[in-house]
Amino acid sequence: MPKPVRDALLLLLCLAVGVGLIAALVAGAGASPVAVAAALAKGAFGSRYNFGETLIQATPLVLTGLAVAVSFQCRLFNIGAEGQLLLGAMAAVAVGTSESVPPNAKLVLCLLAGAGAGAAWAGIAALLRVYRGVQEVLSTLLLNFVAVQLLAYAVRAPLQEARHELIQSDKIAIPARLVLLQPATLDLPATRLHAGVFLALLAALFVWVFLRYTVGGFALRTVGAGAGAAELAGIPVRQTIVKTFLLSGALAGLAGAVQVCGVTYFLGDRYSPGYGYTAIAVALLAGNKPGWIIVSALFFGALTAGSAGVQTAGVSQVLIQVMQAVVLLAVLAAGYLREKSPTNTGEAVAP
Amino acid sequence: MIGVTAVVLAARNITRRFGTFTALDAVNFAVGEGEIVALLGENGAGKSTLMNVLSGSLAPSDGTILMDDKPVRFASPLDAASRGIGMVHQHFLLVPTLSVAENLLLTASRRAGGALSYNIKGVLKDAQILAGRLGWTIPWQTLTGDLPVGTQQRVEILQALRGQTRVLIFDEPTAVLSPTETPELFATIRRLSDEGRGIVFISHKLDEVLALSHRVVVLRRGKVVFTGETRNLDERILAEAMVGADSDAAVLLQAPPGVTTTAAPESAVAKKALHVEAVTVRVRGASKAGETKSGAGTAPLLPTALDAVTFAVEPGEIFGIAGVDGNGQEELAAVLSGLMRPASGTVQIGGVAPPVNAAAFRRAGVAVIPADRQARGLAMPLTLAENVALGVYDSPEYRVGAVLKWRKLRERADALVKRFDIRGGGVNTSVLALSGGNQQKVVIARALSGSPRVIIAVNPTRGLDVGAIAYVHNALRQARDNGAAVVLISTELSEIQSLSTRRVAVLFAGKIAGIVAPDASRETFGLLMGGKRLKETTAVA
Amino acid sequence: MILDATVITQTLAAATPVLLVATGAVFGERVGVINIGLEGLMVFGALTAVVVSVATGSPFLALLAAAGAGVLGAAVFAAFAIWLKRDQVIVGTTINFLAFGLTGVWYRAYLNGFGAGKTATELPDLIGQGAGGVDALTLLAFALVPAAHYLLFRTRLGLTIRATGEVPEAASAAGTQVNRLRALVTLFVGGLCGLGGAALSIGIANSFTEGITGGRGFVALAVVVFGRWNPVGAMGAALLFAAADVLQFTLQARNVWAGLPYPVFLAVPYVLTLVALAVRGAKGKSPAALGTAFEQG
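Residue numbers (the working numbering), protein chains in the order written: chain U, 62 to 412; chain R, 464 to 1004; chain S, 2 to 298.
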C-alpha cells in the first residue's frame, strides 16, 4: 500500500475511534448518538441556508487555520490566533465606521487594517521571542487574554456606538461590507454567505504558493526544519521568525476583518466563539498543509454550523470543543502509529 | 599479565543485531584482574556496541556474558554497576548545572539513602578518600559545567568507581583531552589497574594503545580480527589489523606524512584566497550556571576564545588546523563561515572583506562543511533537493524575483546525486532517510558544487565509516587540485597530517601555538597541542 | 486607604490558585515536562470541587475529588506526551480543549440536574472570617513552598528530578526510569492543578462559571519562568500577580479612576505578566531538556 494512502487510512481509523468515544459519551448522557449525528448533519448540510452557514463558519477557520499552519511550519507555536483575530476585527470596525475614509476604499482598507492589526499583535510576541527570549507559547496565550479585555474596553469607549447605550460598536458603513453571494430571490430564500469565502480560498492558494515556490517560504520552512542549517545557508533566522509571526498574525487578523465585513458588521463583547483556538485543530488535522486546511476547516465549520441543531437532540454545543480535543488526540495517535509502523525505516539504529 | 590473573569479565560469542545489521558477530572478549585490555577499531567497528553490551546498556542478541566464569545477565547499566562494572563515557554523563558533589550523589548507590535522604556528606567523604588516593584535588562545590574537561573526566571516573568496581571501561577517554592531560589519565589508569581492577580501554589511536595496554583486541566490522600481547606489537601490525591490509585507509594511515607534502601550485603570485588577520573573539557573558544557588563562588570567566589569529591560505592549498577540541576551533569556524563577528580583526576572501553574514561569505566563494551535519549541515526533514538548494537558493540563476525555479533546482540536485554518488534516495527523499555517510555526501555536494574559492571543513569525517572517510578525503583533495583554498579544522591528527599540503597550524587556548610542516614529529604536535610554544617552530609561513 | 489587612488576606487568597499550580509546574518543568494544559486541569478541578461539594456537603471531600480530577486529566497528558512521545505543547493544548469541552457538557448537565439552584459549600476559613479570612487551601499552598524547596534541593528525589530535566541520559545512567519519573511528577502536578481549580471555585467563590480560571494556568507557567524554576521565586511571582489582581479589583470597587472602563483593570495582571516575562525573559534559563521526549536506551 502506498505510504500516503496508508497514512490517511491510519488517521481515519484513529478518527473513527475518537468518534466512537464521543458516541459513547453522548449515549452516556442519555441521548441517541444517531439522532445527534443526524441533527449535526441536518444543521450543516440539511438546507441551502444551513450549508451556507457551514461555509460561513469555515471561512474564518480557513484563515486562522492557515495562520497557525504557517507558524507551525516554522516551528513557532503561535497559539494567539484568537487574539490576533480580535485585533483584526477591532481595526476593521474602526476603519469601517470612520467617516473620514472614502467609501470606495472602505472595504479594502478594512481588510488591510484587520490584517495589519493582527500582524502587529503577533509582532509583539515576535519581538518578545527574538529580543527577550520569551517563549511564544506563553506570550501569545497571554496576549489572547489582553486582546479580550482590549475588545471589551473598545466596545465600551472608543468604538462604542454613537448613542452610547449598548455595549457594542456601530455597524460599519455599507460600502465596507463584503457582498452577499445569495441574496433572497423570488424562488429561493437568502443565505448569509458572503464573498469572504473566496478571500479565504485565495489566502489558501497564496499560502500554498508562498510556502512551496517562493524564497521567503523556503526560508520559513528551512528555519522550521533546522535553524542551524538555515543560519549556515545565510538565511536570517531572526528576521524569518519575525516575518513568519507577521504573516501568521496578518492571516488571523484578516479572519477577524472578514467576520466583521461579511457576517456581523459590528463588534460586541465576547466577539469570537474561539475561531483562533479551533484553528489549532484545523491546522493539525490538515498536517499544516494549505490545501487540506480547506478540507479540515469545512469539517469543523460543518460541526459548528451543525451544532446549532444539536441543541434539539439534547446535547449542548460544547460538544464541539470535545470534538476538537478528540480530533487532536486522533491526529496525535495516528502520528505515533505512523512513526511506529515497520515500513517506516529511518536510519539504521546502531549506535 | 594474561594467564597470571583470573578473568573477571568475559564475553562469549556475543552477537548483537540492529534490524538486519549485525553490529557484533560472535565476539569473544575477556579482561582479567589488573589487566589493561585495549579495544581497538575504526569508527563503526562495533567497539561501542560491545561496551554497551558489557556495561548493561544493551542486551546481546545472542551469546553469554560471564563474571568469574558464571553467566550473568545485566538488566541495566545500574545493575552492571552494582556488580562492579563501571563505565567512563566519551560524552560525559554529568549534569553541568549540578555541583560535583551533587553529581556524585546522583549516581551514588541506593545504599547511600532513600529518596528523601540527602547523604551528600557521606558520598563526598568516600569520594574525597578516593580522590586523595589518586592524588587529585577537585573543587567539590563547583558546578560541573564550569570545570575544565580533564577535571570533568575525573568526576566521571569517581562516579564510575562507586562501590567495589572490578572492571572499569574507558570509552575513547583521550578524545577530549589535551596531550598534557593524557599522561595524567594514563597514570590514573595504571594506578587503578595496580589496585587489581580490570581496565578496558577503547581507542582508535595506535600510540596510546601501545603505550598503555597489556593486551590488544582489534574489532573490524563487528568481528574480532586480532588479539595479541602488546609487547609483541607495533603500529604497523595494529593499523593493518584495524583497517584491513587492502583498504585505502590503510595506505592513507601508513603513508609517511612527507609524501603528501606536494608542492603548492605555481601560483605564488596569486592573491591569497583567504587572509585572516588578527582575529579575536571573546566569549560573551557568564557561564549559564553562574546564578543558581550552589555556584555562588564561581566568578564568570571572560576567556578569549580566539586571540589575534592570523594566517593566509593560497589557492590549491589544504591548510590544516590541529588542536584538541575546545581550543577555539568552533569560534574560528564560525568566523570563517560568516556566522560570527570577531571582536577585532578581519577575514578577507580574495582580498575583499565580505560583510559578516553567512550568505555574503557564501557568495564571496566560501563553502562550509560544518562539524555537526545534523544540526548545521542539514535541515533534516526537508528533501535532498531542498537541502542542496540551500547553497544556491538566492542566486538569480535559480529564481525569478521571489519565486524559486524548482524544476531547475531539482535538475541540479539530480546531477549532484549522480556526481557525488549519493545513495539511498532520489531528490525528493527526506534526508532523514539517508545513512550518515550519504548525509555527509549531501553536505559535501552542496559545499563543493559551486567550485568554491575557499572551503572550510570542520571534522569532516567524524562518525563516518572507512569508505566514507576515504570519499571525503578524496573530495577535499580534488577541490584542492581545482584551485580551492581549503582550511581543514580537525581533531584527528592523522587526517590533518595526511591531507595538509605544507602547513599545519596548531590551536591552543585560542592562539596559534605554532605553524609546522605536516611531517613534523608527533612529539612536536603533542607539545604544541599542549600549549608549549616551540623555541624554533619549523615555521613555513 | 488601599493597603489594609483585608487587602493582604485577599492577596493571599488570590495567589493561592496560581501558587498551587506554579509550585507543581516548577517540578514538572524541572523534570523536563512543559504542560500548557495546566489551565484545563484547573478547570476540571474547579467543576469537580463544586459538584462534589454540593453532592456531599463536605468541602474537604471536594478537595480530594478535585485533586483526583486533576490527576486523571494529567494521566491523559502523560499518556500522549510521555508514553507516545507526542509534542508536549500540542498535547497540552489538546488537554485544554478536552477540559473546556468536557466541563462544558458536564456543567450543563449538572445545572439541569441535581445542581439546579444550589450553591456549593465553601471551604471554611481557618483564620479570620469573611473577606479577611484565610482558608485551608491557602495555608496548604504557602506551606507547600518550603516543603517543595526542601524536596527539590535537599533530597535525592529532588536531585534526580533536577538531573532528569537537564540531562535525562545522566539520570537514566544513574538508574532513574526517566519516563516513569516524568509521568509520576506530571500526575502530581495534575493533582495540584485540581486543587488550584478548587481554590477558585470553592475557595474564593462558591460556584463554577465557565472561564473561571481566566488564564491562571498560563499565568502560573509564566510565574515559574519569572521565579526561575524555583518554588520560592514562584511564590514571589504569584504574590505579585495576585497583588495586581487585588489592586485592580480594589481600584475598581473604590471607584478610583472611575472614568476608565473595567476591562482596563482586568487586563492589568496579564500585561504585568507579559512585562515581567520580557524583563526576566532573556536571563531565565530553562531546564535543558524541557519539552523533549526521552527514548529509553
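Even glycine gets a Cβ: it sits at the ideal position worked out from N, Cα and C.
Quick caveat, the model's predicted, so the values are computed rather than measured.
Contact between Ile91/S and Gly74/S is absent: CB atoms are separated by about 16 Å, not below the 8 Å threshold. If you draw a straight line from the Cα of Ala184/S to the Cα of Lys119/S, it comes to about 37 Å. The beta carbons of Val630/R and Val471/R sit about 6 Å from each other, so the pair counts as a contact at 8 Å.
Here Leu242/U has Leu254, His255, Ala256 as same chain residues with Cβ atoms under 7 Å from its own Cβ, once five neighbours each way along the sequence are excluded. Unbroken beta strand (DSSP E) runs of no fewer than 3 residues, entirely contained in the region 953–994 of chain R, are found at 967–971, 974–979, following chain order.
Per DSSP, Gln811/R is one residue of the beta strand (DSSP E) stretching across 807–812. For the 7 Å CB-CB criterion, Val225/S and Ala239/S do not form a contact.
Residue environment analysis places Pro264/S among the buried positions, since at least 16 neighbouring C-beta atoms fall within 10 angstroms of its C-beta. Bounds of the alpha helix (DSSP H) holding Ser656/R are 644–657. For Leu502/R, no alpha helix (DSSP H) encloses it; the enclosing beta strand (DSSP E) starts and ends at 499–503. For Pro534/R, the beta-bridge partners assigned by DSSP are Leu529/R. Under the Cβ criterion of 7 Å, Leu867/R is counted among the residues facing chain U.
Between Leu867/R and Ala908/R, the C-beta spacing is not below 7 Å. Val276/U reaches chain R at Tyr856, Asp857, Arg862, Gly864, Ala865, Val866, Leu867, counting residues in chain order whose Cβ is nearer than 9 Å. At a beta-carbon threshold of 7 Å, none of the residues of chain S lie near Val162/U; the nearest stands roughly 26 Å away. Taking all protein chains shown into account, Gln130/S has fewer than 16 neighbouring C-beta atoms within 10 Å of its C-beta and is therefore exposed.
Shown here for Gly285/U: same chain residues with a beta carbon closer than 7 Å to its own, the five before and five after excluded, namely Gln134, Cys135, Arg136 in chain order.
The Cβ atoms of Glu505/R and Val929/R sit closer than 7 Å to each other. Contact check for Ile354/U against Gly126/U passes: the beta carbons are separated by less than 7 Å. Per DSSP, the beta bridge partners of Ser893/R are Thr846/R. Of the residues assessed, Tyr192/U falls on the exposed side of the cut-off, its CB having fewer than 16 other CB atoms within 10 angstroms. Going by DSSP, Phe101/S is part of the alpha helix (DSSP H) stretching over 89–113.
Following the DSSP letters along the chain, one finds Ile205/S in no beta strand (DSSP E), marked with neither H nor E. Met530/R is outside the set of residues whose beta carbon lies under 7 Å from a beta carbon in chain U. Chain-ordered, the chain U residues with CB closer than 7 Å to the CB of Val831/R read Leu293. Under the DSSP assignment, His936/R falls in the alpha helix (DSSP H) whose first and last residues are 929–944. Note that the region 154–173 of chain S touches the region 545–561 of chain R; at least 3 beta-carbon pairs, one per stretch, sit closer than 8 Å. With 16 or more other Cβ atoms from the protein chains shown falling within 10 Å of its own Cβ, Leu897/R counts as buried. Separation of Ile205/S and Ala47/S (C-alpha to C-alpha, rounded to the nearest whole angstrom) is 11 Å. Asn476/R sits in a strand when the DSSP states are folded into three classes. By the C-beta density criterion, Arg965/R is buried, having at least 16 other C-beta atoms within 10 angstroms. In the three-state scheme derived from DSSP, where H, G and I count as helix and E and B as strand, Asn36/S is classed as coil. Sequence-distant partners of Glu644/R (beyond 5 residues in either direction) whose C-beta falls short of 7 Å from its own C-beta, in its chain, are Gly613. Annotation: Ser368/U has no Cβ neighbours in chain S at a cutoff of 7 Å; minimum Cβ distance is about 12 Å.
Residue state for Gly495/R is assigned as strand, using DSSP reduced to three classes. The straight-line gap separating the alpha-carbon atoms of Gly159/S and Thr570/R is approximately 13 Å.
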